[in-house]
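*Asks:*
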Ligand SMILES: [Zn+2]
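Numbering (my numbering), first residue to last: 129 to 423.
(1) Distance check for residue 149 and residue 405, CA to CA, integer angstroms please.
(2) Within a Cβ cutoff of 7 angstroms, which residues of the same chain sit near residue 161, ignoring the five residues on either side of it in sequence?
(3) So, is residue 190 buried or exposed, given that buried needs 16 or more other C-beta atoms within 10 angstroms?
(4) Leaving out five residues before and five after residue 316 in sequence, what residues of the same chain have Cβ atoms less than 8 angstroms from its Cβ?
(5) Taking the alpha carbon of residue 328 as the reference point, which residue from 287, 392, 373 has its own alpha carbon closest?
(6) Taking residue 151 and residue 264 to be in contact with their CB atoms under 8 angstroms, please state how far apart those CB atoms are, rounded to whole angstroms.
(7) So does residue 294 have its beta carbon nearer than 7 angstroms to some heavy atom of ligand 1?
(8) With 16 as the cutoff for other CB atoms within 10 Å, does residue 368 come out buried or exposed?
(9) Leaving out five residues on either side along the sequence, give the residues of the same chain with a beta carbon under 7 angstroms from the beta carbon of residue 282.
(10) Starting from the C-beta of residue 409, find all residues in its chain whose C-beta is less than 7 angstroms away, skip the five residues before and the five after it, and write them out in chain order.
(11) Hey, how far is the Cα of residue 336 from the Cα of residue 353?
(12) Sorted by chain position, which residues of the same chain lie with C-beta nearer than 8 angstroms to residue 157's C-beta, five sequence neighbours on each side aside?
(13) Does the separation of the CB atoms of residue 236 and residue 346 fall below 8 angstroms?
(14) Can you have a look at residue 200 and say buried or exposed, based on whether 16 or more other CB atoms are within 10 angstroms of its CB?
(15) Suppose you measure from the CA of residue 247 to the CA of residue 173; what does that come to, to the nearest Å?
(16) Please identify the residue among 266, 245, 218 whose C-alpha is closest to the C-alpha of residue 230.
(17) Could you tell me if the beta carbon of residue 265 falls within a distance shorter than 7 angstroms of some heavy atom in ligand 1?
(18) Thinking C-beta only, is residue 270 closer than 8 angstroms to residue 170?
(19) Can you name, in chain order, every residue of its own chain whose Cβ lies under 7 angstroms from the Cβ of residue 186, other than the five neighbours on each side?
(20) Give the DSSP-derived three-state secondary structure of residue 96 in the structure shown.
(21) Count the other C-beta atoms from every protein chain shown that fall within 10 angstroms of the C-beta of residue 310, then say buried if there are 16 or more, exposed otherwise.
(22) Residue 198 and residue 299 - do their beta-carbons sit closer together than 8 angstroms?
(23) For residue 225, which option in 207, 212, 385 has the closest C-alpha, if you only look at C-alpha atoms?
(24) Can we count residue 357 as close to ligand 1, meaning its CB is less than 7 angstroms from some heavy atom?
(25) Check the DSSP bridge columns for residue 289 and list the partner residues they point to.
(26) Quick check on the burial criterion: 16 or more other C-beta atoms within 10 angstroms. Buried or exposed for residue 303?
(27) For residue 411, I'd like the list of residues in its chain whose CB is within less than 7 angstroms of its CB, leaving aside the five on either flank, ordered along the chain.
(28) Bridge partners of residue 216, per DSSP?
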């Protein structure tokens with residue numbers, strides 16, 4: 129039903145990156161890896177001491193961009209890598225980040241603003257909301273790709289619906305895996321992925337996910353995150369090209385089964401990175417500068 133209803137909004141829907149489920153799951157994973165001090169700081173900034181303080185605001189940026197006042201922020205949800213999948217995939221910040229900004233520059237900007245104690249409480253809260261969202265966005269491979277508007281213009285069939293490839297990656301394939309998009313669904317998925325990070329499939333990889341991450345070099349770090357996700361466009365998202373996907377009678381089950389593991393990887397990675405990143409914002413910026421006293 130939801131796929132059908134959203135057909136008419138495909139362009140709007142498709143460019144939002146991970147849907148509500150993906151963003152909330154990333155946020156819950158991050159909540160698991162922040163220190164008690166980071167959590168207390170973030171809860172103060174967001175004025176929310178609930179157990180969903182990051183998950184509740186994880187899709188704020190998608191709601192905001194849909195308003196007239198927030199239309200300026202639309203380019204901040206992606207970076208249009210002008211590469212040539214599936215032959216070549218790469219991200220070049222100078223080439224690919226438009227003059228209106230992109231997800232890489234936005235992560236750098238809102239990292240700085242989140243830790244800048246000179247901002248008003250409202251502006252600090254806005255910065256943290258943007259940061260939580262964009263660190264999630266950048267892990268979605270099709271948000272680091274210009275080809276066919278990040279896959280928005282690649283028509284495909286999934287579970288009997290006429291979709292576009294981007295929205296299937298954002299929303300419909302994750303929801304097929306989990307069976308819903310509520311905060312409870314997101315918490316459940318997060319718990320599964322946290323177990324994989326701590327002592328399962330991802331345990332041996334997690335150190336590499338955050339290797340070199342540094343809030344003092346946020347632009348470099350975010351560019352590396354975008355490059356990491358963009359590589360999957362060539363290897364996983366469309367290894368045989370876009371036409372091969374459009375020609376498939378349905379992406380389920382063959383394509384879905386081939387890519388769902390990468391979706392889980394990217395959600396887990398985004399959450400783990402976000403938790404580590406927020407710890408750095410707090411420890412290197414907020415606590416060091418004494419801004420913490422103000423909250
Ligand atoms: Zn987004």
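Beta carbons: idealized from backbone N, C-alpha and C, even for Gly.
*Replies:* According to the structure shown:
(1) Locating residue 405 in the chain shown gives position 277, counting from the first residue. Locating residue 149 in the chain shown gives position 21, counting from the first residue. Cα to Cα, residue 405 sits roughly 21 angstroms from residue 149.
(2) Indexing the chain shown from 1 puts residue 161 at position 33. Excluding residues within five positions, the ones whose Cβ falls inside 7 angstroms are 400, 403, 404.
(3) On the chain shown, residue 190 is found 62 positions in, with the first residue counted as 1. It counts as buried.
(4) The residue given as residue 316 occupies position 188 in the chain shown. Cβ contact annotation for residue 316 (same chain, cutoff 8 angstroms, sequence separation greater than five): 306, in chain order.
(5) Translated into positions along the chain shown, residue 328 becomes position 200. Considering only alpha carbons, the answer is 392.
(6) Here residue 151 refers to the residue found at position 23 of the chain shown. Here residue 264 refers to the residue found at position 136 of the chain shown. In this structure residue 151 is in contact with residue 264, their Cβ atoms being roughly 5 angstroms apart against a cut-off of 8 angstroms.
(7) Position 166 of the chain shown, counted from the start, is the residue given in the question as residue 294. Checking every heavy atom of ligand 1 against the Cβ of residue 294, none is found closer than 7 angstroms.
(8) Residue numbering aside, residue 368 sits at position 240 when the chain shown is read from its first letter. So residue 368 ends up on the exposed side.
(9) On the chain shown, position 154 is the one that residue 282 refers to. If we look at residue 282 and ignore the five residues flanking it on each side, its Cβ neighbours are 276, 292, 293, 370, 373, 374.
(10) Taking the first residue of the chain shown as position 1, residue 409 is located at position 281. Hits under 7 angstroms: 239, 242, 243, 343.
(11) In the chain shown, residue 336 corresponds to position 208, counting from 1. In the chain shown, residue 353 corresponds to position 225, counting from 1. So the two alpha carbons sit approximately 11 angstroms from each other.
(12) Reading the chain shown from its first residue, position 29 is the one you call residue 157. Taken in chain order, the residues that qualify are 318, 321, 322, 325, 395, 396, 398, 399, 400, 402, 403.
(13) Looking up residue 236 in the chain shown gives position 108. Looking up residue 346 in the chain shown gives position 218. Closer than 8 angstroms, so yes.
(14) On the chain shown, residue 200 is found 72 positions in, with the first residue counted as 1. With fewer than 16 other Cβ atoms within 10 Å, it is exposed.
(15) Along the chain shown, one-based indexing puts residue 247 at 119. Along the chain shown, one-based indexing puts residue 173 at 45. Answer to the nearest angstrom: the Cα atoms are 11 angstroms apart.
(16) Along the chain shown, one-based indexing puts residue 230 at 102. For residue 230, the closest alpha carbon among the candidates 266, 245, 218 is that of 266.
(17) The residue labelled residue 265 in the question sits at position 137 within the chain shown. The answer is yes for residue 265.
(18) Your numbering for residue 170 matches position 42 in the chain shown. Your numbering for residue 270 matches position 142 in the chain shown. Going by C-beta atoms, residue 170 is not nearer than 8 angstroms to residue 270.
(19) The count along the chain shown starts at 1 and reaches residue 186 at position 58. These residues qualify, in order along the chain: 151, 152, 154, 155, 260, 261, 264.
(20) Residue 96 cannot be examined here, being either before or after the span of the chain that is shown, 129 to 423.
(21) The residue labelled residue 310 in the question sits at position 182 within the chain shown. Exposed, by the Cβ-count rule.
(22) As a position in the chain shown, residue 299 is number 171, starting the count at 1. As a position in the chain shown, residue 198 is number 70, starting the count at 1. No, these two residues do not count as a Cβ contact at 8 angstroms.
(23) Taking the first residue of the chain shown as 1, we reach residue 225 at position 97. Nearest C-alpha to residue 225: 207.
(24) For the purposes of this step, residue 357 is taken as residue 229 along the chain shown, with counting starting at 1. No - ligand 1 has no heavy atom lying nearer than 7 angstroms to the Cβ of residue 357.
(25) Locating residue 289 in the chain shown gives position 161, counting from the first residue. According to DSSP, which records beta bridges pairwise, residue 289 is partnered with 286.
(26) Counting from 1 along the chain shown, the entry for residue 303 is found at position 175. Buried.
(27) Mapped onto the chain shown, residue 411 falls at position 283. Same-chain partners within the cutoff: there are none.
(28) Numbered from 1 along the chain shown, position 88 holds the residue referred to as residue 216. Partner(s): 212.
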